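Counting along the sequence shown from 1, when you hit position 68 you're at 68 in our numbering, and nothing is skipped either side. The beta carbon of each residue, even a glycine, is placed where N, CA and C say it ideally should be. For clarity, every value in this text was computed on a predicted model and none was experimentally measured.
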Amino acid sequence: MPAGRNKKAVFFMVIVLILLQVLLSGCEDINISGDPGTVSGDDAKFRDDTKPVEMKIVLGYAEEPPSRDNLVIRELNKLANANIMIEWTPMVSYNDKFNVLMASNNMPDVILVPDVKNSTFVHAVNAGMFWELTSRIQEFSELKEINPVLLKNALVNGKLYMLPRERELKRKMVIYRADWAREAGLEPPDTIDGIYNMARAFAEGDFDRNSEKDTIGFALGTVNNEIDCFDALVVAFGGFNRWGIRDKRIIPSFMTDEYLQTMKWLRKMYRENLISPDFAITKTTQIIPDLVDKEKTGLWLGYRLPGLSDPVIKAKQKEDPTVKREDVFEFAFLKDFNGNEKIAAETGISGGFAFPKKSVTTEERLDDLLAVFNVIQSREGQILLNNGVPDVHFDLVDGKYAKAKDPEVFNREVSPVGQLGTSGMKAYIIADDEISIRLNIARRTFNSDGMIFDVTATLSSNSFSSNYTTLLKIISDAQFKFIMGEIDEDEWNAAIEEWLEAGGSAAIDEFTAAYYEKVN
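If you want it as structure tokens, here you go:
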């Protein structure tokens, strides 16, 4: 696999997080094996007989929402002395739901903000609609230990208004049908050429044995009307991760030749029928259930592997019970044209939890809710929301790995409620099978110079935030049209000029000024 091939020194995630900081200046209590840490101070009041804290929140689900009597939530309620009421909405439409909630007079106690730079959220923060948390989290034993780099990446106007959801820096990957690749005699698609060759082989072959050439060679999905993981391709072409420095200016990646070459590459694949004709309206959350599970594609970009209970794996195991997940699916992390792994690094957060003043009307009420999240942030809370209930959802292997007792039950009862978690770094590494261990290790090990960060992650621009929706639409519409051959290069450049005039030029100036103010 890609991890470990590079001859340069390999650094663990914690080291790179430090570098980044510098650069970006049941009715029984759960008995968890190992040292779960202590719950004291502000957590202690959730161990007594005080009235449970009521907490309403809206979360998204990918496949099926958990049942109302979900065991993990019940155990979390006991652990935190809370009554957590979750309204579930399809992940594919969560952004629409978020916008509705923000305009509503009946807001939940906690709102999951999909992106710290979401323009609706930033406007609401500027209007004083959310509680500031900058100094308040220092009063809570677990929340004050949140990695300072993550807190820095979650700031709006230099202040904290959300509890960030921690994620790995190295997430985006190529996922593919390993059995199809073996049949075609192909190497792992860890380069741009590797993706193209595999896409062509899959599209021209008949690996699903239906006697038709109807396979999508390379499936693309969208999030927020953008091609998901597109920046991973741009970085593999040698470009920026969204924003970078060129000629002492902070500019967006779409103003670079590397971005244009990436689009031309996809345009060629679109013309050759290697990607889906309706990719622009295909949501990322649809790829696995609608395309992969129906064997309409075997190559895509994403963040997670199909689970152990995936229909494709189950079907293969009916034919041969010895089939393992890695026999059917595999992953690869992209390299540049020189063979060096280049990762479009994440900010380390995936949105976060904010507390609206409309529904949380007093500081005392805010502290009660923060105390619940203090438990969620604890090791016990992280194990619950990432691994499930010990001896019910997982068995402990070698004192450090969590192996699901029943993958279908895990996917039904544990995976969805993980949306409520703030981190999983204190939880056990999930070790359902050999490939899950390899993936977890690969995500935690990488070369520091191979991680390409968005230089604006900790910067703010009022022009960018206030015009975000308009600016995004200008570029995404033009990007889709260029890839589909509906506009030429001159018209693409005209779209960039439109973007600059619509607030983009001011955003460049503000990001550049903010960057040099920070480094100086």
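Simplified DSSP assignment, three categories, for Gly307: Reduced to three states, the DSSP call for Gly307 is coil.
Between which two residues does the alpha helix (DSSP H) carrying Ser119 extend? Counting along the chain, the alpha helix (DSSP H) containing Ser119 begins and ends at Ser119 to Asn126.
Out of Ser93, Asn493, Glu168 and Asn224, which has the shortest C-alpha to C-alpha gap to Glu63? Residue Ser93 is the option with its Cα nearest to Glu63.
Which residues does DSSP list as the beta-bridge partners of Arg246? Within the DSSP secondary-structure output, Arg246 pairs in a beta bridge with Arg249.
Less than 8 Å separating the beta-carbons of Leu274 and Arg200? Contact flag set, yes.
Count the other CB atoms, across all protein chains shown, that sit within 10 Å of the CB of Phe464; report buried if there are 16 or more and exposed otherwise. Around the C-beta of Phe464, 16 or more other C-beta atoms lie within 10 Å, and the residue is accordingly described as buried.
DSSP bridge partner residues for Thr297 (one or two, in chain order): Thr297 pairs with Ile216.
For Ser141 and Phe394, what's the separation of their Cα atoms in angstroms? Each residue's Cα considered, the two are about 28 Å apart.
CB-CB length for Trp352 against Pro164, believed under 8 Å: The displayed chain sequence assigns Gly, not Trp, to residue 352. Correct: roughly 4 Å between the Cβ atoms.
Can you tell which of Asn411, Ile475, Glu510 and Val519 has the C-alpha that lies nearest to the C-alpha of Asn225? Of the listed residues, the one whose Cα sits closest to Asn225 is Ile475.
Kindly confirm or deny that the stretch 313-329 and the stretch 120-138 touch, where touching means at least three C-beta pairs closer than 8 Å. Result no; under three Cβ-Cβ pairs closer than 8 Å.
Asn77, enclosing alpha helix (DSSP H) - first and last residue: Unbroken alpha helix (DSSP H) run through Asn77: Leu71 to Ala80.
Starting from Ala178, follow the beta strand (DSSP E) in both directions and report where the run begins and ends. Careful: Ala178 lies outside any beta strand (DSSP E), inside the alpha helix (DSSP H) at Ala178 to Ala184.
Under a Cβ-count criterion, where at least 16 other Cβ atoms within 10 Å of its own Cβ denotes burial, should Val397 be classed as buried or exposed? With fewer than 16 other Cβ atoms within 10 Å, it is exposed.
The stretch 189-204 in contact with the stretch 333-349 per 3-pair CB rule at 8 Å: In short, these stretches touch, since the Cβ pair count reaches three.
From which residue to which residue does the alpha helix (DSSP H) around Gly381 run? Note, Gly381: alpha helix (DSSP H), Arg379 to Asn387.
Give the straight-line distance between the Cα atoms of Leu233 and Thr262, rounded to the nearest whole angstrom. Taking the straight line joining both Cα atoms gives about 7 Å.
Determine whether the beta carbon atoms of Ser522 and Gly239 lie at a separation below 8 Å. Within the shown structure, residues of the chain are numbered from 1 to 520, placing residue 522 beyond reach of any answer.
Span of the beta strand (DSSP E) holding Val397? First-last of the beta strand (DSSP E) with Val397: Phe394 to Val397.
Continuous beta strand (DSSP E) stretch holding Ile111: start and end: Here the beta strand (DSSP E) through Ile111 covers Val110 to Val113.
According to the neighbour-count rule (16 or more other Cβ atoms, all chains shown, within 10 Å of its Cβ), is Ala9 buried or exposed? Note that Ala9 scores a pLDDT of 40, beneath 50, so its modelled location is shaky and nothing firm can be said.
If you scan the stretch 440-505 from start to end, which runs of the alpha helix (DSSP H) of 4 or more residues do you find wholly inside it? List check, alpha helix (DSSP H) in window: 462-466, 468-483 and 489-499.
Are the beta-carbon atoms belonging to Tyr176 and Val125 less than 8 Å from one another? Cβ atoms of Tyr176 and Val125: not closer than 8 Å.
What does Phe329 pair with, by DSSP beta-bridge criteria? Bridge pairing for Phe329: Arg177 [DSSP].
In the structure shown, what three-state DSSP assignment does Glu28 receive? Because Glu28 sits at a pLDDT of 33, beneath the cut-off of 50, its placement in the model cannot be relied upon, and the following sentence gives the value as read from the coordinates. Coil at Glu28, not helix or strand.
Closest by CA to Lys473, which one among Ala404, Thr362, Gly503 and Gly485? Looking at the Cα atoms, Gly503 is the closest of the given residues.
When you compare the CB positions of Gly302 and Thr322, do they come within less than 8 Å of one another, or not? No, Cβ-Cβ distance for Gly302 and Thr322 is not below 8 Å.
May I ask you to report which of helix, strand or coil DSSP gives Glu364? Secondary structure of Glu364 (DSSP, three-state): helix.
In the DSSP assignment, find the unbroken beta strand (DSSP E) run with Pro164 in it and report its ends. Unbroken beta strand (DSSP E) run through Pro164: Leu163 to Glu166.
Check whether the Cβ atoms of Trp88 and Pro114 sit closer than 8 Å, and answer yes or no. Contact: no.
For the stretch 141-151 against the stretch 364-381, are there 3 or more C-beta pairs whose distance is under 8 Å? Contact holds: three or more Cβ-Cβ distances are below 8 Å.
Simplified DSSP assignment, three categories, for Ser135: Note: Ser135 maps to coil in three-state DSSP.
Which one of Ala494, Glu517 and Phe480 has the shortest CA to CA distance from Arg267? Arg267 has its Cα closest to that of Phe480, out of Ala494, Glu517 and Phe480.
Can you tell me whether DSSP reads Val58 as helix, strand or coil? Strand.
Tell me, please, which residues DSSP counts as bridged to Pro356. According to DSSP, which records beta bridges pairwise, Pro356 is partnered with Phe130.
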